[in-house]
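Visitor:
In the numbering used here, the protein residues as written are 145 to 330.
(1) Ignoring anything shorter than 4 residues, give me the alpha helix (DSSP H) runs that lie fully in the stretch 227-258, in order along the chain.
(2) Go ahead and label residue 189 buried or exposed: buried means 16 or more other beta carbons lie within 10 angstroms of its beta carbon, across all protein chains shown.
(3) Taking 8 Å as the limit between beta carbons, can you name the residues of its chain near residue 163, skipping five residues before and five after?
(4) Going by Cα to Cα distance, which pick from 248, 258, 270, 251 is closest to residue 238?
(5) Given a cut-off of 7 Å, decide if residue 245 and residue 300 are closer than it, judged by their beta-carbon atoms.
(6) For residue 232, tell me which candidate among 211, 316, 265 has the shortest Cα-Cα distance.
(7) So the candidates are 224, 196, 186, 240; which of them puts its Cα closest to the Cα of residue 309?
(8) Cα separation between residue 307 and residue 170?
(9) Helix, strand or coil, according to DSSP, for residue 224 in the structure here?
(10) Rounded to the nearest angstrom, what separates residue 326 and residue 194 at their Cα positions?
(11) Note the first and the last residue of the continuous alpha helix (DSSP H) segment covering residue 272.
(12) Which residue or residues does DSSP assign as beta-bridge partners of residue 189?
(13) Where DSSP assigns a beta bridge to residue 307, which residues make up the other side?
(14) For the alpha helix (DSSP H) that residue 279 lies in, which residues bound it at each end?
(15) Report all residues from its chain with a CB closer than 8 Å to the CB of residue 304; omit the five preceding and five following residues, and keep chain order.
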């Protein structure tokens with residue numbers, strides 16, 4: 145969340161909202177654990193609800209979940225959350241590609257690409273985002289890429305991991321080339 149500079153109205157509003165929530169939390173906790181009447185407890189509950197609604201109206205960004213975004217370019221794969229890079233793998237450091245499946249589907253994402261770097265880091269790419277950016281076409285440029293592992297993973301409805309490719313640093317460079325766009329027929 146971007147913050148305004150100290151002394152700005154936005155910064156002051158953030159500080160007041162934080163203070164309000166802290167005071168309400170302390171007050172609500174002490175009232176709930178003391179021998180107070182039902183009417184007082186109801187009033188505290190109403191005050192907390194009003195404070196939350198007011199905060200949502202004044203600063204909706206306090207309650208928003210940052211969007212995860214996938215970037216595939218000539219350098220590598222990066223997943224970001226808001227403005228922050230969460231995971232990344234450079235193509236020249238790519239050493240292994242696997243697919244992880246779960247038993248969470250079909251109502252939830254249950255197919256993930258796991259790109260491993262030589263230094264032990266990696267980038268987990270949900271299948272939906274991989275399809276939007278045509279990740280598979282990039283990965284199929286790699287020597288010895290196992291398409292049969294992709295097919296087996298596509299049929300899996302349990303928690304499994306499928307190895308699609310293994311190499312040494314530098315062998316992943318062919319994945320840096322964007323897939324060719326199909327020609328439009330006239």
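Backbone N, C-alpha and C fix where the C-beta goes; we use that ideal spot for every residue, glycine too.
Guide: According to the structure data:
(1) none
(2) Indexing the chain shown from 1 puts residue 189 at position 45. With fewer than 16 other Cβ atoms within 10 Å, it is exposed.
(3) Taking the first residue of the chain shown as position 1, residue 163 is located at position 19. Hits under 8 Å: none found.
(4) In the chain shown, the residue the question calls residue 238 occupies position 94. Selected option, being the one with the closest Cα: 258.
(5) The residue labelled residue 300 in the question sits at position 156 within the chain shown. The residue labelled residue 245 in the question sits at position 101 within the chain shown. Yes, Cβ-Cβ distance for residue 300 and residue 245 is below 7 Å.
(6) Here the question's residue 232 lines up with position 88 in the chain shown. Residue 265 is the option with its Cα nearest to residue 232.
(7) Residue mapping note: residue 309 aligns to position 165 of the chain shown, counting from 1. For the residues 224, 196, 186, 240, the minimum Cα distance to residue 309 belongs to 240.
(8) Position 163 of the chain shown holds residue 307. Position 26 of the chain shown holds residue 170. When rounded, the distance between both Cα atoms is 52 Å.
(9) Counting from 1 along the chain shown, the entry for residue 224 is found at position 80. In this structure, residue 224 counts as strand in the three-state DSSP scheme.
(10) Locating residue 326 in the chain shown gives position 182, counting from the first residue. Locating residue 194 in the chain shown gives position 50, counting from the first residue. With a pLDDT of 48 at residue 326, under the threshold of 50, the predicted position of this residue should be treated as unreliable, and no value is reported.
(11) By 1-based counting over the chain shown, the position of residue 272 is 128. That run of the alpha helix (DSSP H) goes 271-276.
(12) Taking the first residue of the chain shown as position 1, residue 189 is located at position 45. For residue 189, which the question treats as bridged, DSSP gives no partner whatsoever.
(13) As a first step, residue 307 is located in the chain shown; it is residue number 163 there, counting from the start. In the DSSP output, where bridge partners are listed per residue, residue 307 has 242.
(14) As a working mapping, residue 279 is identified with position 135 in the chain shown. Run containing residue 279: 279-283, per the alpha helix (DSSP H) assignment.
(15) For this step, residue 304 is matched to residue 160 along the chain shown. So the qualifying residues of the chain are 244, 245, 297.
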